[in-house]
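Take a look at the structure below.
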Amino acid sequence: MNPTVSGGKPMDLTTTTQDVKAVLVSVLGIEDRAATIDAATPLLDSLPELDSMAVLELVAALEQRFGVTIDDDEVTAEVFDTLGSLTTLVEDKLR
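Residues 99 to 193 in this note's numbering are what the sequence shown lists, from first letter to last.
Following this line, the structure appears as structure tokens:
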């Protein structure tokens, strides 16, 4: 069974990764580096823009974009390790 978002549109991992990346790039204002970001790109400690306040903004933006709730205990260094690990959290929430 494929995860869906509002409107019943099926989403695959590639689409979800692209959407999470778009939110990340927008929140951090790093449009100039968007082309270099993929699922394996390290986030924490690699993107200076991703400080504690930006993490909170990113979580709120992801919740709004995907219509999910991310609990405080899910906001961990492991989740924000790479774009792929962040996408996995979003995908799990969509199921």
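Idealized CB from N, CA, C, for every residue including glycine.
The model shown is predicted, which means the values in this text are computed figures rather than measured ones.
Excluding sequence positions up to five away, which residues of its chain have a Cβ less than 8 Å from the Cβ of residue i?
| i | result |
| --- | --- |
| residue 179 | 140, 141 and 142 |
| residue 126 | 145, 147, 148, 152 and 156 |
| residue 167 | 161 and 191 |
Classify residue i as buried or exposed, calling it buried when 16 or more other Cβ atoms lie within 10 Å of its own Cβ.
| i | result |
| --- | --- |
| residue 104 | With a pLDDT of 44 at residue 104, under the threshold of 50, the modelled position of that residue is not reliable, and the figure given next carries that caveat. Flag for residue 104 reads exposed. |
| residue 113 | exposed |
| residue 111 | Below a pLDDT of 50, predicted positions are generally treated as unreliable, and residue 111, at 49, falls in that range; the measurement from the model is reported next regardless. With fewer than 16 other Cβ atoms within 10 Å, it is exposed. |
| residue 187 | buried |
What separation, rounded to the nearest whole angstrom, lies between the Cα atoms of residue i and residue j?
| i | j | result |
| --- | --- | --- |
| residue 107 | residue 156 | At residue 107, the pLDDT of 46 sits below 50, so the modelled position is not reliable; the number obtained from the coordinates is stated separately. If I take the Cα positions, the gap works out to 23 Å. |
| residue 182 | residue 160 | 14 Å |
| residue 116 | residue 150 | 23 Å |
Between which residues of its own chain and residue i is the CB-CB distance below 6 Å, once the five residues before and five after are set aside?
| i | result |
| --- | --- |
| residue 185 | 114, 115 and 118 |
In chain order, what residues of the same chain lie with their CB nearer than 7 Å to the CB of residue i, ignoring the 5 residues before and after it?
| i | result |
| --- | --- |
| residue 120 | none |
| message | Taking 8 Å as the cut-off, does the segment 131 to 139 touch the segment 157 to 176 (at least 3 CB pairs, one atom from each stretch)? | response | no
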